[in-house]
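Numbering-wise, the sequence shown is residues 12 to 284 according to this note's numbering.
Yeah, the Cβ is synthetic: ideal placement off N, Cα and C, and Gly gets one too.
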Amino acid sequence: MGSFYAEFARPAAAAHGAFTATLTTLCASTARPFSGVVDVVAKQEKGRALRRMSGVVLGLALSGSALAGVDGNATLTSDYVWRGSSQTMEDPTVQAGVKLSSESGWYASVWGSGVSFEPDAGARSEFDIVAGWSGALAPDWALDVNLTHYLYPSTDVDLDWTELNSTLTWQERYWVSVGVSDDALASGRTGTYAQLGARLPLSEQWRIEGAVGQYWLDSAYADDYLHGQLSAIWKVHGPWELRLTAHDTDRAAKRLFGSNAGSRVEFAIQTTF
């Protein structure tokens, strides 16, 4: 584990600390809509156990692996839309992330955003902590498998939950993603999410991306729902891009998320570094 600490854990800890301090000052507010059904004490213990487990697994996987690179991203968006539903009540927010990867394909990342929900359970930000592997399976085919922990610090109730995700990509243009959790949306029930997507380059500066997703929720108070999105992306200069995205959902999503679902348009400025 000595080589893992020197090559991965030490820079990861430094990057995570700086990232968290910066993003916390920028982000604003709140919580998932399923907090009323959460057993707080049990879920806190489960969340801590999952975080310890993912840390141990990642440490073992990266032990002895050379650090291949550190990548970052930042976005200013008019609305944080996740799987068809606004996470900021249609307000703008700042988002940022950092990813550390090894030459063997293992990686760890943290991404954060401001959030805002009703009822307000006290959260002021969301952090997605990810550990996974990505690499080529064959010519034109690539696979990404990861464990994602959705973390909401300083909440009145435990809103954290964890999901296992996988994405299969063909020719870097078409993809299918599946996510499964036994605690979907911190509800204590299972949920399965699937998405089909494609990107179409129009020129060196322009491309179009689209996706359709279905969320199956095993809950007495939540319906399965369908959503779709279509984006036009303009590469302005270097790593800077402008993105305009149209989102829509079916009626089931509107019953579940109210005015945070349905048709909406999102505008974002994004960059990588």
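Proximity to residue i [Cα-Cα], best of the options
i, options, result
"V191", "Q182, T203, Y185", "T203"
"P164", "L213, S270, D131", "D131"
"A288", "G133, I140, Q182", "The structure shown does not extend to residue 288, since the chain is modelled only from 12 to 284, so the question has no answer here."
"M100", "Q106, S89, G108", "S89"
"G133", "L111, Q206, L162", "L162"
"D102", "I140, G108, Y91", "Y91"
"L135", "D194, S124, W93, Y236", "In the sequence on display, residue 135 carries Arg and not Leu. Per the Cα distances, S124."
"D229", "L211, G208, R200, E114", "R200"
"A272", "S112, A279, R94, L87", "R94"
"D171", "S177, T178, D194, T180", "D194"
"V168", "S127, A197, A257", "A197"
"S145", "E174, E114, G108", "E114"
"E252", "G224, T283, V223", "T283"
"N84", "G116, V121, A209, S96", "V121"
"A5", "L179, S127, E137", "The structure shown does not extend to residue 5, since the chain is modelled only from 12 through 284, so no value can be given for it."
Classification of residue i by the beta-carbon crowding that lies within 10 angstroms, buried from 16 upward
i, result
"R262", "exposed"
"R266", "exposed"
"V81", "exposed"
"G75", "Because the pLDDT at G75 is just 48, under 50, the model does not fix this residue reliably, and the point stays unresolved."
"T159", "buried"
"V247", "exposed"
"A119", "buried"
"A23", "At A23 the pLDDT is 43, less than 50, meaning the model places this residue with poor confidence; the figure from the coordinates comes in the next sentence. Buried, because 16 or more other Cβ atoms sit within 10 Å of the Cβ of A23."
"T104", "buried"
"E215", "exposed"
"G269", "exposed"
"S274", "exposed"
"F278", "exposed"
"G108", "buried"
"G224", "buried"
"V126", "buried"
"E291", "One cannot answer for residue 291 here, as it falls past the ends of the chain, which runs 12 to 284."
"G143", "buried"
Residue i beta carbon near the ligand GTP (any heavy atom closer than 7 Å)
i, result
"D90", "With respect to the ligand GTP, the structure shown offers nothing to examine, as it has no ligands at all."
First through last residue of the beta strand (DSSP E) which encompasses residue i
i, result
"A222", "217-228"
"D235", "Run containing D235: none; DSSP gives neither H nor E here."
"D139", "137-149"
"P212", "202-212"
"D171", "From DSSP, D171 is part of no beta strand (DSSP E); its letter is neither H nor E."
"L158", "152-162"
"A279", "275-283"
"G190", "185-192"
Extent of the continuous alpha helix (DSSP H) to which residue i belongs
i, result
"A263", "262-268"
Practice item. Check whether the stretch 217-226 touches the stretch 238-247, counting contact only when three or more Cβ pairs, one atom from each stretch, lie closer than 8 Å. Key: yes
Review point. Taking three-plus beta-carbon pairs below 8 Å as touching, is the stretch 153-161 in contact with the stretch 178-188?
Key: yes
Exercise for review: Mind listing, in chain order, the continuous beta strand (DSSP E) runs of no fewer than 3 residues lying wholly within the stretch 77-142?
Suggested key: 78-88, 104-113, 117-124
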